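Chains as they are written, first to last, in my numbering: chain A, 1 to 262; chain B, 1001 to 1262.
Even for Gly, the Cβ is constructed at its ideal location relative to N, Cα and C.
Quantities reported herein were computed from a predicted structural model and do not represent experimental measurements.
Worksheet for the structure shown next.
Number of protein chains: 2
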Amino acid sequence: MSARRSIEKAGKARGGGELPLVCTPLVGRTREALLEEVRAILPKKPDVLEWRIDFFEGIGRIPEAVEAGKALRALAGETPVILTRRSIREGGEKIPAGDDEVAALYEAACAAGVCDYLDQELSSEPRHMQRAREASRKAGIGLIASFHDFQKTPPGEAIFAKFTAAQAAGADVAKVAVMPRSLEDVLTLVQATLRGRTQLPIPLITMSMGPYGSLTRMFGWVFGSSLSFAVGKSSSAPGQVPIEDLRTVNAILRRSLGGAAP
Amino acid sequence: MSARRSIEKAGKARGGGELPLVCTPLVGRTREALLEEVRAILPKKPDVLEWRIDFFEGIGRIPEAVEAGKALRALAGETPVILTRRSIREGGEKIPAGDDEVAALYEAACAAGVCDYLDQELSSEPRHMQRAREASRKAGIGLIASFHDFQKTPPGEAIFAKFTAAQAAGADVAKVAVMPRSLEDVLTLVQATLRGRTQLPIPLITMSMGPYGSLTRMFGWVFGSSLSFAVGKSSSAPGQVPIEDLRTVNAILRRSLGGAAP
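Right, dumping it as structure tokens:
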């Protein structure tokens, strides 16, 4: 699939590449709602779709979930799909399935060609991270190792440590989303991202959340975040801006940066 | 004049105020060109105009310059005017007048009601800073003490020291414009601005220049810069973005920030 690996490519892009990728979350609770969401969002031309499968009621029934995923995949065409089960402790939905069942679902989804990326939380058990890594490698797709803190922003050093932990876990991309309690916190996240981009080989996806954090969703790519989540139809986290606004700001930033664009 | 003191007011504005003020520079070399520039810019509704009088060929002939300023003032109506002679060492034009003549011009302009603010460089001789302060106080207008570095970005501590120096000089507003050599430098300026806003009573005008620095012209207000220079007709410094782009980004930022807007 030509769309695959686009985040890694974007992470390495320099000098007028396609950065930042804009990703819209899909939070439909049923197959029908999910596909309706894709149909509503695709005309807005997101670069990537994220299927937040913890919102999907059928998450505990693997064949049903995989079938919905295949339908999504077919509809999405060349647009890459990230498959993400976000746990409750990192801001996700309560689901009628345990971590082992999710691991099995990830494996089945990878084998069925449902997605181009898997998102696995860094806080998950090592055996689950390993299963996700193996399933993604076997399917030739990418692994995103993620970390979320909806309460606060850890110190820059701790954020940087999440990037290196993701790399050590064999991930292709590191994702960190944290909540600022001040504008200082917003700068801490941006600073850590800049350091990570300079010192690490893997692409990063970072954001500060909430109203203040919305700034990073718009200009974070300049400092090294390869992808920004924007609202296509529904928001999946606080501070996400509408895809149209993100595109508008990105175009203006790109014009202002000129040849200095990352 | 009701427009007076708007920068100070903006500096104190919180919760959906009129921040950031958008200021367009005027760089006409003749009276005619200057007034033509004002006519072209006013429909774009800048919040403030800056007359860069170092571009004005008649700067050495005080009555002529004051007369042009009065015509400008009449045209500008309620839009506040900053009167600025930028020296060569801080990025300005070569002028056929010495610092004493400029001080006398400032005094005449203040007395004639030409401007709402005077811009005096922190690097000027103490006696000239004092004359500008006295002239502005006598006329009931504001004084901006400014610092520019077109070569580099000093450390955050040094930037903060410029703010306190402006305050110590009796200025109503501190302005600092510096050139980044890296994205780190951009963050240094933003960080220092945030600290200055938190710790000092006077409003700040800050910007990082050039392509990277254009970011601060767009989102710097969130971190405490009360005013941003934008291109109405002509640019007066590197990295200035068109007024239309600035307005567009500001509207989106304000919407995203919601109640968290400074």
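* Asked: How should R181(A) be labelled, buried or exposed, when 16 other C-beta atoms within 10 angstroms of its C-beta is the threshold for buried?
  -> Sequence index remark: in the first sequence, residue 181(A) carries index 181 (1-based). It counts as exposed.
Amino acids of chain B, ordered along the chain, whose beta-carbon sits closer than 8 Å to that of I252(A): Here the question's residue 252(A) lines up with position 252 in the first sequence. The answer, in chain order, is M1218, V1241, D1245, T1248 and V1249.
query: Near S1234(B), which residues of its chain fall below 6 Å by C-beta distance, leaving aside the five closest residues on each side in sequence?
result: Working through the second sequence from its first residue, we reach residue 1234(B) at position 234. Cβ neighbours of S1234(B) beyond the five flanking positions: V1027.
Worksheet entry | Burial state of D1100(B), where buried means 16 or more other Cβ atoms lie within 10 Å | Here residue 1100(B) is taken as the residue at index 100 of the second sequence, counted from 1. Exposed.
### Query
Does Y1117(B) have its Cβ less than 7 Å from a Cβ in chain A?
Counting from one through the second sequence, the residue named residue 1117(B) turns up at place 117. With 7 Å as the cut-off, Y1117(B) does not count as an interface residue toward chain A.
Beta-carbon of G258(A) versus every beta-carbon of chain B: anything under 7 Å?
As a working mapping, residue 258(A) is identified with position 258 in the first sequence. So, interface residue.
Practice problem: Indicate whether the contact test is met: 3 or more Cβ pairs, each with one atom in the stretch 240–250 of chain A and one in the stretch 115–126 of chain A, closer than 8 Å. | Solution: Output reads no: the stretch 115–126 of chain A does not touch the stretch 240–250 of chain A.
- Message: Please tell me whether F1223(B) has its Cβ less than 7 Å away from any Cβ of chain A.
- Response: As a first step, residue 1223(B) is located in the second sequence; it is residue number 223 there, counting from the start. True, the Cβ-Cβ gap to chain A drops below 7 Å.
* To do: Within its chain, find whatever has a CB closer than 6 Å to the CB of E50(A); leave out the 5 residues flanking it on each side and keep chain order.
  => Translated into the one-based positions of the first sequence, residue 50(A) becomes position 50. Correct list, in chain order: C23, P25, I82 and T84.
Nearest to E1184(B) by alpha carbon, out of A1076(B), L1215(B) and R1086(B)? As a working mapping, residue 1184(B) is identified with position 184 in the second sequence. The residue from A1076(B), L1215(B) and R1086(B) with its alpha-carbon nearest to that of E1184(B) is L1215(B).
So A1174(B) and L1204(B) are supposed to be a Cβ contact under 8 Å. How far apart are they, rounded? Counting from one through the second sequence, the residue named residue 1174(B) turns up at place 174. Counting from one through the second sequence, the residue named residue 1204(B) turns up at place 204. Yes, A1174(B) and L1204(B) are in contact; Cβ-Cβ is about 5 Å, under 8 Å.
Can you confirm whether S1214(B), when its beta carbon is compared against all beta carbons of chain A, has any partner nearer than 7 Å? Here residue 1214(B) refers to the residue found at position 214 when the second sequence is read from its first residue. For S1214(B), the answer is yes, since a Cβ of chain A falls inside 7 Å of its Cβ.
CB contact flag (V249(A), Y212(A), <7 Å): Within the first sequence, residue 249(A) is the residue found at index 249, counting from 1. Within the first sequence, residue 212(A) is the residue found at index 212, counting from 1. Contact: no.
- Query: If you measure from the beta carbon of P1211(B) to each beta carbon in chain A, is any gap under 7 Å?
  - Reply: Taking the first residue of the second sequence as 1, we reach residue 1211(B) at position 211. Closer than 7 Å to some Cβ of chain A, the Cβ of P1211(B) qualifies, so yes.
Check your understanding: Which chain B residues sit within Cβ distance under 7 Å of E184(A)?
Key -> Against the first sequence, residue 184(A) aligns to sequence position 184. Result: L1194.
Worksheet item: Under the criterion of a Cβ to heavy atom distance below 6 Å, does G258(A) qualify as lining the ligand FMN?
Response: For the ligand FMN, the structure offers nothing, since it holds no ligand at all.
CB contact below 7 Å: L1189(B) versus chain A: On the second sequence, position 189 is the one that residue 1189(B) refers to. By this cut-off, L1189(B) is not an interface position.
Counting C-beta neighbours from all protein chains within 10 Å, is the total for Q1120(B) 16 or more, i.e. buried, or is it exposed? For this step, residue 1120(B) is matched to residue 120 along the second sequence. Q1120(B) should be labelled buried.
Host beta strand (DSSP E) of M207(A) (start-end)
One-based indexing of the first sequence puts residue 207(A) at position 207. Segment L204 to S208, the beta strand (DSSP E) holding M207(A).
Own chain partners of H1128(B) with C-beta closer than 6 Å, once the 5 adjacent residues on each side are dropped:
For the purposes of this step, residue 1128(B) is taken as the residue at position 128 of the second sequence. Within the same chain, H1128(B) has close Cβ partners D1099 and A1103.
- Query: Shortest alpha-carbon distance to G60(A) belongs to which of E32(A), I95(A) and I88(A)?
  - Reply: In the first sequence, the residue the question calls residue 60(A) occupies position 60. It is I95(A) whose Cα lies nearest to the Cα of G60(A).
Checklist entry - Per DSSP, what kind of secondary structure is A97(A) in: helix, strand or coil? => result Stepping through the first sequence from its first residue, residue 97(A) is reached at position 97. The answer is coil: DSSP assigns A97(A) none of H, G, I, E or B.
Quiz prompt | Span separating the alpha-carbon of A1260(B) from that of A74(A) | solution = Position 260 of the second sequence, counting from 1, holds the residue named residue 1260(B). Position 74 of the first sequence, counting from 1, holds the residue named residue 74(A). Going by the C-alpha atoms only, they are around 41 Å apart.
Would M218(A) pass as a contact of P238(A) if the rule is Cβ separation under 7 Å? Position 218 of the first sequence, counted from the first residue, corresponds to residue 218(A). Position 238 of the first sequence, counted from the first residue, corresponds to residue 238(A). Going by C-beta atoms, M218(A) is not nearer than 7 Å to P238(A).
Roughly how many whole angstroms lie between the Cα atoms of G220(A) and A169(A)? Your numbering for residue 220(A) matches position 220 in the first sequence. Your numbering for residue 169(A) matches position 169 in the first sequence. Taking the straight line joining both Cα atoms gives about 24 Å.
Discussion item. Quick check on the DSSP output: the alpha helix (DSSP H) that includes K135(A) runs from which residue to which?
Written reply: Mapped onto the first sequence, residue 135(A) falls at position 135. In the sequence under discussion, the amino acid at residue 135(A) is Ala, which differs from the Lys named in the question. DSSP places A135(A) in the uninterrupted alpha helix (DSSP H) bounded by P126 to A139.
key: Three-state secondary structure assigned by DSSP to E1078(B)   = In the second sequence, the residue the question calls residue 1078(B) occupies position 78. E1078(B): coil per DSSP, three-state reduction.
Legend entry - For S1002(B), three-class secondary structure by DSSP: In the second sequence, residue 1002(B) corresponds to position 2, counting from 1. Its pLDDT being 37, under 50, S1002(B) is placed unreliably in this model, and the value from its coordinates should be taken loosely. Three-state DSSP puts S1002(B) in coil, outside helix and strand.
Tell me the residue span of the beta strand (DSSP E) that contains L187(A). One-based indexing of the first sequence puts residue 187(A) at position 187. Element bounds for L187(A): not the beta strand (DSSP E) but the alpha helix (DSSP H), L183 to Q199.
Item to complete: Using DSSP bridges, identify the partner residues of P1025(B).
Response: Position 25 of the second sequence, counted from the first residue, corresponds to residue 1025(B). Per DSSP, E1050(B).
Note to self: Under DSSP, the beta strand (DSSP E) around K1175(B) begins and ends at which residues?
What the structure shows: As a position in the second sequence, residue 1175(B) is number 175, starting the count at 1. Note, K1175(B): beta strand (DSSP E), V1173 to V1178.
Please report the Cβ distance between K70(A) and V114(A), rounded to the nearest whole angstrom; I am assuming they are in contact, meaning their Cβ atoms lie under 8 Å.
-> For the purposes of this step, residue 70(A) is taken as residue 70 along the first sequence, with counting starting at 1. For the purposes of this step, residue 114(A) is taken as residue 114 along the first sequence, with counting starting at 1. About 6 Å separates the beta carbon of K70(A) from that of V114(A), a gap short enough to meet the 8 Å contact definition.
Q. Looking at the C-beta of R14(A), does it have a partner C-beta in chain B at a distance below 7 Å?
A. Translated into the one-based positions of the first sequence, residue 14(A) becomes position 14. Residue confidence for R14(A) is low, a pLDDT of 37 falling below 50, so the modelled location carries little weight and cannot support an answer.
Item to complete: In the DSSP assignment, find the unbroken alpha helix (DSSP H) run with L1253(B) in it and report its ends.
Response: Numbered from its first residue, the second sequence carries residue 1253(B) at position 253. For L1253(B), the uninterrupted alpha helix (DSSP H) segment begins and ends at I1243 to L1257.
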